[in-house]
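Read through the structure below, which is laid out as structure tokens, and then see the notes.
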Amino acid sequence: MGTAGTYKEVKAWQGVTLRQRLRHTAMDALVLKDRFAPIEARLRRPRVQFLYVHHCFPDEERALHRLLDALAKHHHFISYDEAVERVIRRDIDRPYICFSSDDGFRNNLAAGRILAEHGAKACFFINPALIGERDPQRIARHCAERLSFPPVDFLDWHEVGELQRLGHAIGSHTMEHRNVASMTAAEVLEDMQRCRAIIREKCGTADHFAYPYGRATDFTAEARSICAAAGYRSCASAERGCHVGAAAAPDPDRLILRRDHVLLDWPLGHIMHFIAHAPAHP
Ligand SMILES: [Zn+2]
4 MGTAGTYKEV KAWQGVTLRQ RLRHTAMDAL VLKDRFAPIE ARLRRPRVQF
54 LYVHHCFPDE ERALHRLLDA LAKHHHFISY DEAVERVIRR DIDRPYICFS
104 SDDGFRNNLA AGRILAEHGA KACFFINPAL IGERDPQRIA RHCAERLSFP
154 PVDFLDWHEV GELQRLGHAI GSHTMEHRNV ASMTAAEVLE DMQRCRAIIR
204 EKCGTADHFA YPYGRATDFT AEARSICAAA GYRSCASAER GCHVGAAAAP
254 DPDRLILRRD HVLLDWPLGH IMHFIAHAPA HP
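If you want it as structure tokens, here you go:
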């Protein structure tokens with residue numbers, strides 16, 4: 004079997020769960036409500052909101068253009084560096100959006116080009132052990148075991164360089180997409196340092212880290228300290244929410260950024276509802 008080239012193929016491989024169907028119906032109802040209680044005021048809230056995707060297959064590209072056009076009406080797109088500094092300094096005077104993407108699929112290049120076209124600079128979190136991987140069996144195993152995904156192509160280092168030339172940052176997502184909470188402290192340190200060293204060697208800088216799977220239970224306070232000790236400026240989860248600036252400045256070495264996951268296949272109304280109702284955090 005070859006690699007999946009469209010999101011349609013991915014959906015056919017994954018199947019649709021009852022939970023997803025129910026969620027879709029519930030979202031339709033919420034979006035209908037948005038028509039009577041418009042979400043514009045919520046979208047204009049000063050905040051830093053991190054959005055992240057995993058893929059942008061050819062049949063999702065139009066949706067990314069549409070999302071960026073819709074967001075541009077109320078938001079300023081800022082780079083990952085700037086977003087991190089704004090959260091740390093509590094300098095949050097406008098509605099800011101910052102994009103990132105995890106896992107390093109080859110179609111991230113399409114996302115990178117479209118984002119750049121709309122003036123949005125993102126951070127692409129990669130697993131260096133998978134960059135340039137072309138062995139079909141290793142790809143199939145990694146995608147199925149670590150990502151619950153059919154086999155897909157991964158970026159190579161030349162394409163990672165292309166993302167940088169488009170103005171995007173490259174971040175660390177561990178060497179092989181392991182669950183950090185299941186690793187020993189020594190393993191976490193070794194992995195974070197190695198990952199950072201490789202990305203720095205290839206790309207010049209590696210200031211940002213996002214841990215795989217992204218739930219609070221997939222990470223530990225100890226791993227957060229190790230992340231700072233390994234030299235990363237920021238650490239991101241996939242827990243929902245936006246940053247609005249706290250009364251007290253956050254400790255940069257303890258801060259765990261929140262990001263909202265976006266699936267480009269979702270109806271635009273659903274995505275905008277999600278973004279508008281992201282819970283506020285320091
Ligand atoms: Zn991931």
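Just so you know, we're using our numbering here: the sequence shown kicks off at 4 and counts up by one. Where is the CB? At the ideal position from N, CA and C, for every residue including glycine. Model, not experiment: these values are computed from the prediction.
{"Query": "What number of angstroms, rounded off, separates the C-alpha of residue 125 from the C-alpha of residue 140?", "Result": "30 angstroms"}
{"Query": "Which partner residues of residue 90 appear in the DSSP bridge assignment?", "Result": "For residue 90, which the question treats as bridged, DSSP gives no partner whatsoever."}
{"Query": "Considering only the alpha carbon of each residue, which of 86, 100, 285 lies closest to residue 74?", "Result": "100"}
{"Query": "Check residue 57 in the structure and name its three-state DSSP category.", "Result": "coil"}
{"Query": "Please list, in chain order, all residues of the same chain as residue 276 whose beta carbon is under 8 angstroms from its beta carbon, the five residues on each side excluded.", "Result": "30, 33, 34, 37, 42"}
{"Query": "Could you give the DSSP three-state label for residue 164: helix, strand or coil?", "Result": "helix"}
{"Query": "Report yes or no: do three or more beta-carbon pairs, one from the region 241-259 and one from the region 180-198, lie closer than 8 angstroms?", "Result": "no"}
{"Query": "With a CB to CB cut of under 7 angstroms and the five nearest residues on each side skipped, what residues in its chain are close to residue 281?", "Result": "52, 243, 244, 245, 263"}
{"Query": "Heavy atom of ligand 1 less than 6 angstroms from the Cβ of residue 221, yes or no?", "Result": "no"}
{"Query": "Select from 108, 24, 25 the residue whose C-alpha is nearest the C-alpha of residue 7.", "Result": "108"}
{"Query": "Just reading off the beta strand (DSSP E) that residue 175 is part of, what are its end residues?", "Result": "172-175"}
{"Query": "Where does residue 49 sit, in a helix, a strand or coil, going by DSSP?", "Result": "coil"}
{"Query": "Could you please go through the chain and list the residues whose beta-carbon is closer than 6 angstroms to any non-hydrogen atom of ligand 1?", "Result": "105, 106, 176, 180, 215"}
{"Query": "Using a Cβ-Cβ cutoff of less than 7 angstroms, which residues in the same chain neighbour residue 196 once the five nearest sequence positions on both sides are dropped?", "Result": "233"}
{"Query": "Between the region 61-80 and the region 149-160, can you find at least three pairs of beta-carbon atoms closer than 8 angstroms?", "Result": "no"}
{"Query": "Can you look up residue 268 in the DSSP assignment and give me helix, strand or coil?", "Result": "coil"}
{"Query": "Find the nearest neighbour of residue 136 within the set 120, 179, 175, 127, judged by alpha-carbon distance.", "Result": "179"}
{"Query": "Could you give the DSSP three-state label for residue 185: helix, strand or coil?", "Result": "helix"}
{"Query": "CB-CB under 7 angstroms to residue 170, same chain, minus the five flanking residues each way: which ones, in chain order?", "Result": "119, 124"}
{"Query": "Specify, as a first and last residue, the run of the beta strand (DSSP E) that residue 139 falls within.", "Result": "Looking at the DSSP string, residue 139 is not in any beta strand (DSSP E); the run it does join, the alpha helix (DSSP H), is 139-150."}
{"Query": "Quick check on the burial criterion: 16 or more other C-beta atoms within 10 angstroms. Buried or exposed for residue 210?", "Result": "buried"}
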